[in-house]
Amino acid sequence: DAGVTQSPTHLIKTRGQQVTLRCSPKSGHDTVSWYQQALGQGPQFIFQYYEEEERQRGNFPDRFSGHQFPNYSSELNVNALLLGDSALYLCASSLYGQAGELFFGEGSRLTVL
Amino acid sequence: GENVEQHPSTLSVQEGDSAVIKCTYSDSASNYFPWYKQELGKRPQLIIDIRSNVGEKKDQRIAVTLNKTAKHFSLHITETQPEDSAVYFCAASMRTGANNLFFGTGTRLTVIP
């Protein structure tokens, strides 16, 4: 049973560019959440997708957008990259409305130069 | 929104001693409090969680206590081992189905052999 998978694992971009990160949830899960983890900090909630709709959003600008596909996989897009966007981006999956563990992927480490 | 504070930021203990990490939260509506362990370069992994209708939960060498009145919860690790060395994060959530966790800033635990 595959867990949460993310791609790419590492990437380097320059300021002003755009990036797309991808996530496949754990088998049987229907909800995907994205978190940003800056170096030395705890993860911060970006947004969550369920039934292909954004359900909740954290305190992140509109430059951060996402999508969920019918197979429950998800993408995180960041436009007009800033140096401060450098971080580990974590995807987590779960079952919507169910009490239970949030399963994290290994993350995509983004470096903005 | 919810604000979770975590102390200490670093903690060193001798192997076999106990370690205690404390967190406070601000939103009285939060009712789910997980603890995650993150090893260097790895994804956060759930080690224990507690819900607001329970005051204490134990799993082998790990225990969590919750004081809803004071809005604080703690992680206790007994008989620490070198493999316990990692960064530990507390989190809080209202578990309304959105599953957005608010994380503390982390505690780097080092167990000295």
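Taken in order, these protein sequences are the chains called A and B. Oh and the first sequence: position 27 is 27 in the working numbering, straight run, nothing missing. Oh and the second sequence: position 27 is 27 in the working numbering, straight run, nothing missing. Backbone N, C-alpha and C fix where the C-beta goes; we use that ideal spot for every residue, glycine too.
Are residue i and residue j closer than 7 Å when you measure CB to CB?
i	j	result
Phe47(A)	Tyr35(A)	no
Phe73(B)	Pro43(A)	no
Arg63(A)	Ala80(A)	yes
Glu2(B)	Ala92(B)	yes
Leu110(A)	Leu11(A)	yes
Phe104(A)	Leu113(A)	no
Gly66(A)	Tyr49(A)	yes
Glu39(B)	Pro113(B)	no
Gln6(B)	Cys23(B)	yes
Met94(B)	Ser26(B)	no
Phe89(B)	Tyr36(B)	yes
Asn100(B)	Gln37(A)	no
Lys26(A)	Val19(A)	no
Measure the beta-carbon distance from residue i to residue j and round it to whole angstroms, keeping in mind my assumption that it falls under 8 Å.
i	j	result
Val111(B)	Thr78(B)	Contact flag wrong, Cβ pair sits at about 12 Å.
Arg43(B)	Gly107(A)	6 Å
Ser24(A)	Thr5(A)	5 Å
Thr69(B)	Val87(B)	Contact doesn't hold; Cβ gap of about 29 Å is too wide.
Ile48(B)	Lys57(B)	6 Å
Leu122(B)	Leu11(B)	Beyond the ends of chain B as shown, which are 1 and 113, falls residue 122(B); an answer cannot be given.
Ser28(B)	Lys71(B)	7 Å
Residue ranges of each beta strand (DSSP E) within the region 22 to 84 of chain A, 3 or longer
Correct list: 31 to 37, 44 to 50, 53 to 57, 64 to 68 and 74 to 78.
In chain order, what residues of the region 40 to 51 of chain B put their CB closer than 9 Å to some CB of chain A?
Within the region 40 to 51 of chain B, the qualifying residues are Gly41, Lys42, Arg43, Pro44, Gln45, Leu46, Asp49 and Arg51.
With three or more C-beta pairs closer than 8 Å as the rule, is the region 63 to 76 of chain A touching the region 46 to 65 of chain B?
The region 46 to 65 of chain B is not in contact with the region 63 to 76 of chain A.
Between the region 93 to 113 of chain A and the region 14 to 33 of chain A, do three or more beta carbon pairs fall short of 8 Å?
Yes, they touch.
If the cut-off is 9 Å on Cβ atoms, which residues from the region 22 to 43 of chain A count as contacting chain B, listed in chain order?
Contact residues of the region 22 to 43 of chain A toward chain B are Thr31, Ser33, Tyr35, Gln37, Gly40, Gln41, Gly42 and Pro43 (C-beta to C-beta distance below 9 Å).
Which residues, taken in chain order from the region 95 to 111 of chain A, show a beta carbon closer than 7 Å to some beta carbon of chain B?
Listed in sequence order: Tyr96, Gly97, Ala99, Glu101, Leu102, Phe104, Gly105, Glu106 and Gly107.
Residues in the region 57 to 73 of chain A with C-beta within 8 Å of chain B's C-beta atoms, listed in sequence order?
Going along the region 57 to 73 of chain A in chain order, one finds Gly58 and Asn59 with a Cβ nearer than 8 Å to chain B.
Proximal residues, the region 98 to 110 of chain B versus chain A, C-beta separation under 8 Å:
Within the region 98 to 110 of chain B, those residues whose Cβ lies closer than 8 Å to any Cβ of chain A are, in chain order, Ala98, Asn99, Asn100, Leu101, Phe102, Phe103, Gly104, Thr105 and Gly106.
Relative to chain B, which residues along the region 74 to 91 of chain A have a C-beta separation below 8 Å, given in chain order?
Only Leu90 from the region 74 to 91 of chain A bring a Cβ to less than 8 Å from some Cβ of chain B.
Anything in the region 78 to 89 of chain B with a Cβ closer than 7 Å to a Cβ of chain A? List those residues in chain order, please.
The residues in question are Phe89.
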